[in-house]
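Student:
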Amino acid sequence: MASGDKLFLKGNEAIARGALAAGCQCFFGYPITPQNDIPEYLSKALPDRGGAFVQAESEVAAANMLLGATACGVRAMTSSSSPGISLKQEAISYMAGSELPAIIVNMNRGGPGLGDIGPSQGDYFQSTRGGGHGDYRLLVLAPATCQEAYDLTRESFDLAFQYRNPVMILGDAILGQMKEPVLTAPDRPADPAEARDWSLDGAVGRGPRLLKSLFLQDGALADQNRMLQAKYEAMRAEVRWECFETEDAELVVCAYGTIARIAKSAIRKLRKKGLKVGLFRPITLYPFPSEALAKLVKPGRKFLTVEQNLGQMVEDVRLSLCGLATSEFFSIYPGNLPVPDDFDEPIARALGL
Amino acid sequence: MYQDEELVFSCPQVVADRPTHYCPGCHHGVAHRLVGELLEEMGLVEKTIMVTAIGCSVFLYNYLLVDAVEAPHGRAPAVATGVKRAKPDKFVFTYQGDGDLASIGMAEIMHCANRGERVSVVFVNNTVYGMTGGQMAPTTLIGQKTTTCPGGRCAEREGMPIKMAEIIASLGGSAYVARTALNNVKNINKTKKCLRKAFEVQTSGLGFGFVEVLSACPTNWKMSAIKANERIANEMIPYFPLGVFKDATADVTGEAAGKGEEGK
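So this is what it looks like as structure tokens:
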């Protein structure tokens, strides 16, 4: 594929193509709606490029194959949707503990349990608090458009290797299934030396290497956790967000992903009616852009968090506002497909209209 | 050294010169040495990426000086799949116990074998969970007492012990499958021959290699090392017959395949 092509792509395919552009060499997957376009696309595209595609026997196995491939310093990815991501948590915890640069895509669907196959943001807590056992964090990127899904996936591999940490792309059923024009970027083959200091490739001319997460000696696990926490602190440098019409806003809507995008349409409409409303959209959910949000606090300014769940990111919003302000919360129930008009009433209410 | 002295045994360089954490009479040390000897004899040390499992043998990486990655419980065959697909020119093996491989890891081992992944599996079957303190394993024999079947394993309640070599041999992707034991010198030598074959089917690209190694756990069997070796002969081998169950390198016909006629 030539770079700079403008293609009409589903979000799922944009993610698959973004991974290829970043030099992804291995993909391990298992079918689950609404992310099937990703493994389907890569099942042809990866072998065509000399890479490896494996349809695993389960999400558990797929995530552990990812562990094996990334231990070799190879750019590799898995994708799934909520129930499947729950199954991957075992390996995600091990990969975080073993410092492996894996990419995990979650096209969030409704839950709990089998839920439905519609859009949801119900996995915010799971994504930003680790998700599996132990004290660890993923770097979590939340694209709102197909273009952003492509760009962030392409970039996620660099971040994963830079920090030797798993990175999660958190989309949802809307993003995965909608089509938009996407401007593609040049392929960037992985730097062959990016993992040479730690990856497994056979102990030639050096001592053996070991990638593990078991630390039994006195104090060893404490040291490991100290080191991991310092890394998560360093990851704050990657914090990203978007402010839209916040300059003179009396009300700032806080939302991420596709919900933020729909909120933006509502805000454009309401601005035309003279309502001073803006949008704060975290792009990294972990690290959360707390400082940027806190800077938006002004006397009299109100905040409203809108999520397609029963209230998860709103906790981070309220922590970021540090008691200087608070945030109302409006829930769009999982599985429903919201339209911009759905935001009119909660925004008016939050403005006291 | 005197002129007429001849060195008849030495430890392979790839095996670390340090005391192990294994109990007296445990067979892990013997199995580790056999693997180490083969890695050296076959020139594989610098090509090896080893996948360790959960159980007593998780510390294998302290004793075999090769590149290694630690897999979650039961997932070593999936991790090995990822390693081999990422680095097809490396030699990749897992080393797993019976709780790890035949219980929690049943799906991973069967599908890895069925896909014919070019990896080798050393399966140490001692009929008990060792590291966690002697609980019932999927391979625990009928009547065998463990901390979670204190009255002895009962077929009606816990089912029959699982015969992994036979299961793996039935899958399309396995190229070499054998069951051996470590209870005497003859069987140890046979085990090494079988492990060599299981490694060779990987290096020649034929497919998946699997050796089930019947081993002793005197501590959790609550018997002496000598008695434990006798138990392998008298109780384990009659239920878990030794032999080569599949060998894609040979013309496997009739008696060569699936027969457990080899001695105690």
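Sequences listed follow chains A and B, in order.
Going by my numbering, the first residue of the first sequence is number 327, and it counts up by one from there.
Going by my numbering, the first residue of the second sequence is number 448, and it counts up by one from there.
All C-beta atoms, glycine included, are put in the ideal place defined by N, C-alpha and C.
Bear in mind that the values here come from a model prediction, so they are computed numbers and not experimental data.
#1: Which residues in chain B sit within 7 Å of Asp-498 (chain A), going by Cβ to Cβ distance?
#2: Please check if any C-beta of chain B sits within less than 8 Å of the C-beta of Glu-425 (chain A).
#3: Nearest-angstrom Cα distance between Thr-650 (chain B) and Arg-565 (chain B)?
#4: Report the residues of the region 521-544 of chain B with a CB closer than 7 Å to any CB of chain A, ordered along the chain.
#5: Using only alpha-carbon positions, find the residue among B:Met-583, B:Gly-599, B:Gly-521 that is nearest to Gly-590 (chain B).
#6: Of all the options B:Val-569, B:Leu-588, B:Cys-601, which has the alpha carbon lying nearest to the alpha carbon of Arg-643 (chain B)?
#7: Per DSSP, Lys-332 (chain A) forms a beta bridge with which residues?
#8: What beta strand (DSSP E) runs, 3 residues minimum, are completely inside the region 496-584 of chain B?
#9: If Val-461 (chain B) sits next to Leu-507 (chain B), beta carbons under 8 Å apart, how far is it from one beta carbon to the other, in whole angstroms?
#10: Ignore the nearest five residues each way along the sequence and tell me which others in Leu-372 (chain A)'s own chain have a CB closer than 6 Å to its CB.
#11: Residues of chain A with CB under 7 Å from Thr-495 (chain B), in chain order?
#12: Which runs of the alpha helix (DSSP H) spanning at least 4 residues fall entirely within the region 474-502 of chain A, listed in chain order?
#13: Tyr-686 (chain B) versus chain A: which residues are under 8 Å apart at the beta carbon?
#14: Does any C-beta atom of chain B lie closer than 8 Å to the C-beta of Val-380 (chain A)?
#15: Who are the Cβ neighbours of Asn-662 (chain A) in its own chain at under 6 Å, not counting the five residues just before and after it?
#16: Are the region 421-431 of chain A and the region 521-533 of chain B in contact at 8 Å, needing three or more beta carbon pairs?
#17: Between which two residues does the beta strand (DSSP E) carrying Cys-569 (chain A) extend?
#18: Beta-carbon of Asn-551 (chain A) versus every beta-carbon of chain B: anything under 8 Å?
#19: Are the region 677-684 of chain B and the region 624-635 of chain B touching, with three or more C-beta to C-beta distances below 8 Å?
#20: Closer than 6 Å by C-beta to Lys-711 (chain B): which residues in its own chain qualify, once you throw out the five before and the five after it? Chain order, please.
#21: For Asp-574 (chain A) and Tyr-476 (chain A), what's the separation of their Cα atoms in angstroms?
#22: Please classify Phe-614 (chain A) as buried or exposed, where buried requires at least 16 other C-beta atoms within 10 Å of its C-beta.
#23: Between B:Ala-549, B:Leu-661, B:Val-539, which has its C-alpha nearest Ile-609 (chain B)'s C-alpha?
#24: Taking beta-carbon pairs under 7 Å, can you tell me which members of the region 550-561 of chain B lie near chain A?
#25: Ala-390 (chain B) CB to nearest chain A CB: under 8 Å?
#26: What would DSSP say about Tyr-469 (chain B), mapped onto helix, strand or coil?
#27: At a CB-CB cut-off below 8 Å, which residues of chain A make contact with Leu-512 (chain B)?
#28: Please check the pair Ile-615 (chain B) and Ala-560 (chain B), which I expect to be a contact at CB under 8 Å, by giving their CB distance rounded to whole angstroms.
#29: Give me the residue from B:Arg-465, B:Met-607, B:Pro-466, B:Glu-484 with the minimum Cα distance to Thr-638 (chain B).
#30: Using DSSP with H/G/I as helix, E/B as strand and the rest coil, what is Leu-577 (chain A)?
#31: Output, in sequence order along the chain, the residues in the region 348-363 of chain A whose CB is closer than 8 Å to any CB in chain B.
#32: For a quick check, are the C-beta atoms of Gly-439 (chain A) and Pro-660 (chain A) less than 8 Å apart?
#33: Can you name the residues of chain B whose CB is closer than 8 Å to the CB of Glu-571 (chain A)?
#34: Cys-398 (chain A) to Thr-652 (chain A), Cα distance in whole Å?
#35: Between which two residues does the beta strand (DSSP E) harbouring Ser-405 (chain A) extend?
#36: Leu-333 (chain A) to Cys-472 (chain A), Cα distance in whole Å?
Tutor: Straight from the coordinates:
#1: Within 7 Å Cβ-Cβ: nothing; Asp-498 (chain A) doesn't reach chain B, min ~27 Å.
#2: no
#3: 8 Å
#4: Arg-522, Ala-525, Val-526, Ala-527, Thr-528, Gly-529, Val-530, Arg-532, Ala-533, Lys-534, Lys-537
#5: B:Gly-599
#6: B:Val-569
#7: A:Leu-509
#8: 514-517, 538-544, 567-572
#9: The pair is not a contact, with the Cβ atoms about 12 Å apart (cut-off 8 Å).
#10: Phe-353, Phe-379
#11: Gly-528
#12: none
#13: Neighbours of Tyr-686 (chain B) on chain A: none; closest Cβ ~28 Å, over 8 Å.
#14: yes
#15: none
#16: no
#17: 567-570
#18: no
#19: yes
#20: Residue placement at Lys-711 (chain B) cannot be trusted, given a pLDDT of 45 that sits under 50; what the coordinates show is reported in the next sentence. For Lys-711 (chain B), where only same-chain residues beyond five positions count, the Cβ hits under 6 Å are Ala-680, Ile-684.
#21: 32 Å
#22: buried
#23: B:Ala-549
#24: Ala-554, Glu-555, His-558
#25: Since the first and last residues shown for chain B are 448 and 711, residue 390 (chain B) lies out of range.
#26: coil
#27: Ala-529, Gly-533, Pro-534
#28: 5 Å
#29: B:Glu-484
#30: strand
#31: Gln-351, Cys-352, Phe-354
#32: no
#33: Within 8 Å Cβ-Cβ: nothing; Glu-571 (chain A) doesn't reach chain B, min ~46 Å.
#34: 46 Å
#35: 402-406
#36: 11 Å
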